[in-house]
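Chains as they are written, first to last, in this note's numbering: chain A, 1 to 135; chain B, 1 to 135; chain C, 1 to 135.
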Amino acid sequence: MIRLITVATNQQGLYDITSRVNELVSTSGLQSGLCTLFIQHTSASLIIQESYDPSAKADLESWLNRLVPELDPLYSHTLEGDDDMPAHIKSTLTATSLAVPFMDQRLALGTWQGVYLWEHRHAGGRRNLVVHLGA
Amino acid sequence: MIRLITVATNQQGLYDITSRVNELVSTSGLQSGLCTLFIQHTSASLIIQESYDPSAKADLESWLNRLVPELDPLYSHTLEGDDDMPAHIKSTLTATSLAVPFMDQRLALGTWQGVYLWEHRHAGGRRNLVVHLGA
Amino acid sequence: MIRLITVATNQQGLYDITSRVNELVSTSGLQSGLCTLFIQHTSASLIIQESYDPSAKADLESWLNRLVPELDPLYSHTLEGDDDMPAHIKSTLTATSLAVPFMDQRLALGTWQGVYLWEHRHAGGRRNLVVHLGA
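Quick look at the structure:
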């Protein structure tokens, strides 16, 4: 079974999509199985991260921004903006697809885990996810 | 079908879980299919790596420790210890979920591939994995 | 259902395998489902990246080559060549498995997305992929 999610982003950063994915799981009619998320973009990505302390997410963003800075003289792909090539690299270092088992109609996440869409462009936009649910 | 694995770790490093996963596969009753591993933590992760030469694993750990050092002044998330924020970053750069097809009741790994849990905290702990097996 | 793909590579770089994977999907007999790719190597990997502008791919390769250079004095695993340990690290930072949903007998990729095998060795070789297709 395939479902679609659209997430509206308006700036760089982590967007918690845990409850939206759990809603798909709980209304799927399946008791347990595997939920696979796929993001249809190369300048935004997916991660599972700590959901409890916002400072962990802030540090994660700062660290990746420092590792993959804008205006790096190495880049030749610059026509789409200073944040475009860093966005492709960040997307490659994180995940385009993510699989999470579910049990009792809920994602089998650890206590402190959340599912995040990571927007890597400054302006953001409409981000489309394809979600596969299987028994 | 969903199975649980707990791995006890006591220090940073790569823990080979190939045989434990293969055991789940061989006793699943399924001849072939897809085995998806999910780790319920954000300070330990999963990778497939070379299983033959221990020096490759040692270099991999040293390299990642150098890329993501402790005591980086960038970190604000420091309450849980010096190794906590590096652990979250390392987890993000590697994998929280991993899918491996299986055939003839065995993971379809390459000759030199092993499945590893990568503990990123110094003290380690009990690490829980959720394993989904599907036809 | 499991299918095998072999990709011949002859140098470092990104090899577009989108059409080969789509061919497996379209001849599977399944209308929609999940296609999971697994590469049986630890010195080549998988990514989804922008397929439109070749400069994005070139920058991505240059960036990763700079992050993970050859002849780093940190490496002890050097017997298999100067490009071997960097290849393992690059493989770890990208993906060994990748899951893409499909609909109407085609991968549900975004407009600009392509599926790539990333060869990290200079000489390349025969790279084997195991592809799982499920409803």
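All C-beta atoms, glycine included, are put in the ideal place defined by N, C-alpha and C.
Within chain A, partners of residue i - CB distance below 8 angstroms
i, result
"residue 17 of chain C", "Under the 8 angstroms cutoff, chain A gives no residues; its nearest Cβ is about 15 angstroms from residue 17 of chain C."
Start-to-end residues for the alpha helix (DSSP H) that takes in residue i
i, result
"residue 66 of chain C", "54-67"
Residue i Cβ short of 6 angstroms to the ligand FMN heavy atom set
i, result
"residue 32 of chain B", "This structure lacks the ligand FMN, and indeed carries no ligand of any kind."
Residue i: contacting residues in chain B (beta-carbon distance under 7 angstroms)
i, result
"residue 76 of chain C", "55, 58 and 59"
"residue 34 of chain A", "36, 132 and 134"
"residue 50 of chain A", "42 and 88"
Rounded C-alpha distance that separates residue i from residue j
i, j, result
"residue 86 of chain C", "residue 70 of chain C", "6 angstroms"
"residue 24 of chain B", "residue 79 of chain A", "50 angstroms"
"residue 54 of chain B", "residue 64 of chain A", "29 angstroms"
"residue 136 of chain B", "residue 96 of chain B", "Lying before the first or after the last residue shown, residue 136 of chain B is absent from chain B, which here runs from 1 to 135."
"residue 7 of chain A", "residue 52 of chain B", "43 angstroms"
"residue 13 of chain A", "residue 29 of chain B", "43 angstroms"
"residue 92 of chain A", "residue 84 of chain A", "13 angstroms"
"residue 145 of chain C", "residue 15 of chain C", "No statement about residue 145 of chain C is possible, as the shown extent of chain C runs from 1 to 135 and does not include it."
"residue 115 of chain B", "residue 42 of chain B", "18 angstroms"
"residue 18 of chain A", "residue 11 of chain B", "30 angstroms"
"residue 72 of chain A", "residue 67 of chain C", "13 angstroms"
"residue 5 of chain C", "residue 21 of chain A", "32 angstroms"
"residue 109 of chain C", "residue 40 of chain A", "6 angstroms"
"residue 117 of chain A", "residue 32 of chain B", "32 angstroms"
"residue 133 of chain B", "residue 105 of chain B", "11 angstroms"
"residue 77 of chain B", "residue 121 of chain C", "38 angstroms"
"residue 88 of chain B", "residue 2 of chain C", "34 angstroms"
"residue 102 of chain C", "residue 34 of chain C", "6 angstroms"
"residue 50 of chain B", "residue 126 of chain C", "17 angstroms"
"residue 81 of chain A", "residue 123 of chain A", "11 angstroms"
"residue 75 of chain A", "residue 59 of chain C", "6 angstroms"
"residue 140 of chain B", "residue 27 of chain C", "The question about residue 140 of chain B has no answer, for chain B in this structure spans 1 to 135."
"residue 111 of chain B", "residue 56 of chain A", "38 angstroms"
"residue 44 of chain A", "residue 119 of chain A", "5 angstroms"
"residue 131 of chain C", "residue 90 of chain A", "26 angstroms"
"residue 159 of chain B", "residue 48 of chain C", "This structure leaves residue 159 of chain B out entirely; chain B is present only between 1 and 135."
"residue 46 of chain B", "residue 94 of chain B", "7 angstroms"
"residue 107 of chain B", "residue 9 of chain A", "39 angstroms"
"residue 128 of chain C", "residue 38 of chain C", "9 angstroms"
"residue 113 of chain C", "residue 113 of chain B", "28 angstroms"
For residue i, the first and last residue of its enclosing beta strand (DSSP E)
i, result
"residue 10 of chain C", "Taken as a continuous stretch (DSSP letters only), residue 10 of chain C belongs to no beta strand (DSSP E), as it is neither H nor E."
"residue 119 of chain A", "113-119"
"residue 86 of chain B", "Looking at the DSSP string, residue 86 of chain B is not in any beta strand (DSSP E); the run it does join, the alpha helix (DSSP H), is 84-93."
"residue 51 of chain B", "Segment: none, residue 51 of chain B is in no beta strand (DSSP E) and carries neither H nor E."
"residue 99 of chain B", "97-103"
For residue i, the residue or residues it bridges with in DSSP
i, result
"residue 129 of chain C", "C:5 and C:39"
"residue 71 of chain C", "In the DSSP output, where bridge partners are listed per residue, residue 71 of chain C has none listed."
"residue 134 of chain B", "B:34"
"residue 107 of chain B", "B:102"
Where residue i meets chain E, residues with beta-carbon distance less than 7 angstroms
i, result
"residue 109 of chain A", "No chain E appears in this structure, whose protein chains are A, B and C."
7 angstroms Cβ cut-off: residues of chain A touching residue i
i, result
"residue 66 of chain C", "74"
"residue 134 of chain C", "134"
Cross-chain neighbours of residue i in chain B, by beta carbon under 8 angstroms
i, result
"residue 136 of chain A", "Any property of residue 136 of chain A remains undetermined from this structure, which presents chain A solely from 1 to 135."
Proximal residues of chain B, C-beta to C-beta of residue i below 9 angstroms
i, result
"residue 113 of chain A", "40, 41, 42 and 96"
Chain-ordered neighbours of residue i on chain C, where CB pairs are closer than 7 angstroms
i, result
"residue 2 of chain A", "32, 101 and 103"
Contacts that residue i makes with chain C (C-beta to C-beta distance below 8 angstroms)
i, result
"residue 128 of chain A", "110"
Proximal chain A residues relative to residue i, where beta-carbon distance stays under 9 angstroms
i, result
"residue 62 of chain C", "74, 75 and 76"
Ordered list of beta strand (DSSP E) runs contained in the stretch 16-48 of chain A, each at least 3 residues: Correct list: 33-39.
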